[in-house]
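Colleague: Here the UniProt record's numbering is used: the first residue of the sequence shown is 1, the next is one more, and so on.
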Amino acid sequence: MDSKETLKPDAVSSNGVLEMLSTSEGHRRNVSMSSRNRVDAHLSQVRYSHHAGSLKEWLQEIQDLLGEIKLFSKDNSIILPKEPLAVLQLDLKMGASVVGTSLIDKSTATLLDSRLGQVQLHAVRLLDRISNTRSHVLITGDLNSGKSSLCNALLRRKILPVDQQPCTDVFCEVLDVSNNGGKEEVHAVLLRTTYDIDDPKTYRVFALENLDELVHESKIYSILKVYVYDDRPKEHSLLSNGVVDICLIDAPGLNVDVDKTQELFGRQEEIDLVIFVVSAENHLTQSSKEFIQDTAREKSLVFMVVNNYDKIRDKQRCQERILDQVAGLIPETHKGKGDFVHFVSSLEDRIATPPPSSSGSPPPPDIDVGPGSPDFDKLEASLRQFVLEKRSTSKLLPARNFLVNTLKDVKMLSRTNLDSSAAQFQELKERLDALTPQLDETIAEAAAVSDKIDKDVERLTQAMYTQSMEHLTTVVDQVGAEPVVEYTGLFDIVQYARDTRQALIAKIQDAVVHSEDNAREVTATAVDAIKSIGILHVGEQPAFTKVFQKSAMFSRRRDNLGRSIRAELSVFDFIDLGFLLERPLPVLQASKQALTTSTSSVSNALTLFSIVGGGQLALSSQAARAIDWQLVRKLWVPMVAVVTVGLAAYMVHEMPRTVPRKIARKIAFEIDDMGYVRANADRIAGECRKVLKYPSQDVRSAFQTKVEQVARERDDLEKHTYEAQYSREFFTKVDDDSDKLYQKVEALNLVD
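The following block contains the structure:
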């Protein structure tokens, strides 16, 4: 009995030892597991630091590359690829597409410049996000999908207000109290203010109990910084994990407010991980799809939490529909659906309301947070593993995806423009090579034609001068050869002389008019000839269609020759003794015969006509001795009478011819003194030269226009050839740089 009794304690002791050994072994396993997790987390952090350094360098390079493209686009056209771009796609709200065409439209070029600036800014924010050691987890979704409930469930506390009506209008950022000196409180950041925890002017402090009211003050506050205490062990706590500083961001529901929705879209580059909450009853709405599509541009992995799954009767059908939607929107998430798509029961049932506590003090550690849920526990474990152990994937993958997508766009853009600029350069070079000799030929042709026209005009004007001189000289020389007015008798001889004077002047003026008419006809023919030369060489031009009005030539009133010439009448205008010396008179011939018959003794004496006509009145001494002066004395009176009567009769008879001849001689002398013939010849030739100057100038202008047109075309071709060459060189460099950078980014493996 004693032995049995003594054996019992031994047995009990043995069982106790076994239990103690078992407990100790489990504890060691837990400690070993915890240590291994910490080692894994440390190694993950080392990898993260290495990858983060590389991504920072590459993000800076992509900023510089985009900056070069942006600078290039300000003065040069860029062609958009026909294929859609992932990051650089323009939002073109217009009827006709401009892809595959040069961006000559200023508004479209402005869109490209703006888009490049936005992508550069996005790269800067990604760089800031990588530099920021804190991981930002955004919880978003449609209205009343359970976003705040999920946040509370992850904290194991009811921190954020929950209601059936939309109750979150302000972004709520939940952080560990260690970031606020261990104080649980709310920092409400004022609108248009940059939050600085060290500057109380940038925010207002409230207790956690005031969150129910603060979440509705969107017109006062831009964001609520909620500092909370999580006393759970580090291996279970999400905020206080001992590895990474994490903040949870509870966002307003999509479409609760247009501005808030746009702000939510705009904060994508600040977020490391997106948890999208979907109501099992509603599936993915249109606003949800748009947000997820925007998110998928750089975040290929998104946590999808389907809330209220326990309330769905046909769960299989619900799963299939939601997973199909996820597959179409974000394929990578669908591939890892076991880790990223979670169907959980009502999140509201996960939280028990803690008893009230004084502001700033942590809640009691023994609060019951409700029953566990395998689905939720799996969600929490996957989330913790992704954020902590796969930090390179959660925090750096968006930056890598951004780099990959942007570099693909840059490569596509550079290849499109490289091919286009190369083809354009070749075409322009061929056109330029063909146009340069054409320009030289046009210049030479213009010079030759202009020189020919000048010589032809000069020859024509010289011919007009010569013809006018000859014609006017002939008219002036011959104008008095014949009577020009009717002779009515000796008693009207004075009026006859006056009329003759006017008629002779009029005849000379008519000769001038005749020369002008001739010049008109010749000039009109020359004008047409010059136009024909122009049409032959430069084609039809508006200037060549102008009608030449030859009647406009010599329209200036000519000087009145009658006013310029005096040619006053005198008695000598009726007598022309000099003409007698050139032409023997019949009367004097008869007198000579009479004297010869009556005076036979003076057979060798000179006749009176010979004496007068020959002008040989100086008698030599021998002749004087031979003359019988007695006979001369007897015949003197009859001789003088005969000569006087004959001469008078002859002068009266010759007056109709003498008057025109003498007046014409006077007029000719005066015309010669005043240079009338030369002046009119110069005037006529000058008028021809002046008139022909206009069609000649029209031809020169047409040639000049043609030369300038070809020169402008050549200059444009040279400019565009240079631009094409510059574009080809620029995009060759961009293509090389982007390809090298792409190879480095593509080789980066962020999978832990």
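Note that beta-carbon positions come from the ideal geometry of N, C-alpha and C, so glycine has one too.
None of the values given here were measured: they were computed from a predicted structure.
Would Asp-169 and Ser-218 qualify as a contact pair, given that the criterion is a beta-carbon distance under 9 Å?
Modeller: Sequence index remark: in the sequence shown, residue 169 carries index 169 (1-based). Sequence index remark: in the sequence shown, residue 218 carries index 218 (1-based). Closer than 9 Å, so yes.
Colleague: Given this structure, state the Cα-to-Cα distance separating Gln-111 from Asn-76, to the nearest angstrom.
Modeller: Start at 1 with the first residue of the sequence shown, and residue 111 comes out as number 111. Start at 1 with the first residue of the sequence shown, and residue 76 comes out as number 76. The sequence given here has Leu at residue 111, not Gln. Computed Cα separation, rounded: 14 Å.
Colleague: Are the stretch 222–229 and the stretch 151–159 touching by the rule of at least three beta carbon pairs closer than 8 Å?
Modeller: Yes, the stretch 222–229 touches the stretch 151–159.
Colleague: Closest to Leu-435 by C-alpha separation, out of Ala-543, Gly-489, Lys-183, Lys-706, would be which residue?
Modeller: Against the sequence shown, residue 435 aligns to sequence position 435. Out of Ala-543, Gly-489, Lys-183, Lys-706, Lys-706 has the C-alpha closest to the C-alpha of Leu-435.
Colleague: If you compare alpha carbons, which of Glu-430, Leu-138, Arg-728 is closest to residue 820?
Modeller: Past the boundaries of the shown model lies residue 820; the chain is included only from 1 to 752, so the question cannot be answered.
Colleague: In angstroms with no decimal places, state the Cα-to-Cα distance between residue 762 and Asp-456.
Modeller: For residue 762 there is no data in the structure shown, the boundaries of the chain being 1 and 752.
Colleague: Across which residues does DSSP place Leu-248 in a beta bridge pair?
Modeller: Counted from its first residue, the sequence shown places residue 248 at position 248. Looking at the DSSP assignment, Leu-248 forms a beta bridge with Val-137, Val-174.
Colleague: Sort Ile-249, Glu-235, Asp-250 by Cα distance to Val-243 and report the nearest one.
Modeller: Working through the sequence shown from its first residue, we reach residue 243 at position 243. Distances from the alpha-carbon of Val-243 to those of Ile-249, Glu-235, Asp-250 put Glu-235 closest.
Colleague: Put Ile-271 into one of helix, strand or coil per three-state DSSP.
Modeller: As a working mapping, residue 271 is identified with position 271 in the sequence shown. In the structure shown, Ile-271 sits in coil (DSSP, three-state: anything other than H, G, I, E or B).
Colleague: How do the stretch 122–133 and the stretch 62–71 stand: do at least 3 beta-carbon pairs fall below 8 Å, yes or no?
Modeller: yes
Colleague: Okay, do the stretch 324–332 and the stretch 140–151 touch, 3+ Cβ pairs below 8 Å being the bar?
Modeller: no
Colleague: What does the Cβ neighbour count give for Lys-662, buried or exposed, with the cut at 16 atoms within 10 Å?
Modeller: In the sequence shown, the residue the question calls residue 662 occupies position 662. Counting Cβ neighbours within 10 Å, Lys-662 comes out buried, since at least 16 surround it.
Colleague: Measuring CA to CA, which of Arg-115, Gly-53, Gln-45 is closest to residue 764?
Modeller: This structure cannot speak to residue 764, because the chain is shown only from 1 to 752.
Colleague: Measuring CA to CA, which of Val-302, Gly-253, Leu-284, Lys-289 is closest to Ile-275?
Modeller: Translated into the one-based positions of the sequence shown, residue 275 becomes position 275. Closest option to Ile-275, Cα to Cα, is Val-302.
Colleague: Taking the alpha-carbon of Thr-133 as reference, which of Gly-181, Gln-45, Gln-120, Lys-183 has the nearest alpha-carbon?
Modeller: On the sequence shown, position 133 is the one that residue 133 refers to. That would be Gln-45, whose Cα lies nearest to the Cα of Thr-133.
Colleague: How long is the line joining the alpha carbons of Val-479 and Lys-452, rounded to whole angstroms?
Modeller: Taking the sequence shown and counting its residues from 1, the one referred to as residue 479 is at position 479. Taking the sequence shown and counting its residues from 1, the one referred to as residue 452 is at position 452. About 40 Å.
Colleague: Does the pairing of the stretch 391–403 with the stretch 742–750 give three or more beta-carbon distances under 8 Å?
Modeller: With the cut-off at 8 Å, the stretch 391–403 and the stretch 742–750 touch.
Colleague: What residue from Thr-721, Asp-672, Leu-191, Met-412 has the CA that sits closest to Pro-81's CA?
Modeller: Here residue 81 corresponds to residue number 81 of the sequence shown, with the count starting at 1. Checked all of Thr-721, Asp-672, Leu-191, Met-412; the closest Cα to Pro-81 is Met-412.
Colleague: Under 8 Å, with one C-beta from each stretch per pair, do the stretch 340–347 and the stretch 303–310 reach the 3-pair mark?
Modeller: yes
Colleague: Can you tell me whether His-216 is helix, strand or coil according to DSSP?
Modeller: For the purposes of this step, residue 216 is taken as the residue at position 216 of the sequence shown. Correct three-state label for His-216: coil.
Colleague: Give every residue of the same chain whose Cβ lies closer than 7 Å to the Cβ of Phe-544, excluding the five residues on either side of it in the sequence, and list them in chain order.
Modeller: For the purposes of this step, residue 544 is taken as residue 544 along the sequence shown, with counting starting at 1. Contacts found: Lys-531, Gly-534, Ile-535, Asp-698.
Colleague: Is it true that the stretch 515–530 meets the stretch 487–501, where meeting means three or more beta-carbon pairs spaced less than 8 Å apart?
Modeller: no
Colleague: CB-CB under 6 Å to Ser-358, same chain, minus the five flanking residues each way: which ones, in chain order?
Modeller: Residue 358 sits at position 358 when you count from the first residue of the sequence shown. Note that Ser-358 has pLDDT 44, beneath the 50 cutoff, so the model's placement of it is unreliable and the number below is only indicative. Cβ neighbours of Ser-358 beyond the five flanking positions: none.
Colleague: Just the C-alpha distance for Val-73 and Pro-437, rounded to the nearest angstrom, thanks.
Modeller: Here residue 73 is taken as the residue at index 73 of the sequence shown, counted from 1. Here residue 437 is taken as the residue at index 437 of the sequence shown, counted from 1. Here residue 73 turns out to be Ser, not Val, going by the sequence shown. About 33 Å.
Colleague: Does the count of Cβ pairs from the stretch 285–293 and the stretch 310–321 closer than 8 Å reach three?
Modeller: No: fewer than three Cβ pairs fall under 8 Å.
Colleague: Give the DSSP bridge partners of Arg-313, in chain order.
Modeller: Sequence index remark: in the sequence shown, residue 313 carries index 313 (1-based). DSSP output for Arg-313 lists no bridge partner at all.
Colleague: Find out if the Cβ-Cβ distance for the pair Ala-399, Glu-270 is shorter than 9 Å.
Modeller: Here residue 399 refers to the residue found at position 399 of the sequence shown. Here residue 270 refers to the residue found at position 270 of the sequence shown. Cβ atoms of Ala-399 and Glu-270: not closer than 9 Å.
Colleague: In terms of residue numbering, what span does the beta strand (DSSP E) encompassing Ser-687 cover?
Modeller: For the purposes of this step, residue 687 is identified with residue 687 of the sequence shown, where counting begins at 1. Checking the displayed sequence, the identity of residue 687 turns out to be Glu instead of Ser. Glu-687 -> not in any beta strand (DSSP E); alpha helix (DSSP H) instead, spanning 676–747.
Colleague: Looking at the C-beta of Asp-510, does it have a partner C-beta in chain C at a distance below 9 Å?
Modeller: Given the protein chain composition of this structure (a single chain), no chain C is represented.
Colleague: What's the gap between the Cα of Phe-731 and the Cα of Tyr-221?
Modeller: Your numbering for residue 731 matches position 731 in the sequence shown. Your numbering for residue 221 matches position 221 in the sequence shown. Cα to Cα, Phe-731 sits roughly 47 Å from Tyr-221.
Colleague: Run through the stretch 282–306 for me and flag every whole alpha helix (DSSP H) of 4 or more residues, listed as ranges in chain order.
Modeller: 286–295
Colleague: The beta strand (DSSP E) that contains Phe-343, what's its start and end?
Modeller: As a working note, residue 343 is residue 343 in the sequence shown. First-last of the beta strand (DSSP E) with Phe-343: 341–343.
Colleague: Tell me whether Glu-445 sits in a helix, a strand or coil according to DSSP, three-state version.
Modeller: Position 445 of the sequence shown, counted from the start, is the residue given in the question as residue 445. Glu-445: helix per DSSP, three-state reduction.
Colleague: Output the boundary residues of the beta strand (DSSP E) element that contains Leu-190.
Modeller: Along the sequence shown, one-based indexing puts residue 190 at 190. DSSP places Leu-190 in the uninterrupted beta strand (DSSP E) bounded by 185–190.
Colleague: Who are Lys-225's beta bridge partners in DSSP?
Modeller: Within the sequence shown, residue 225 is the residue found at index 225, counting from 1. Bridge partners of Lys-225: Glu-173, His-187.
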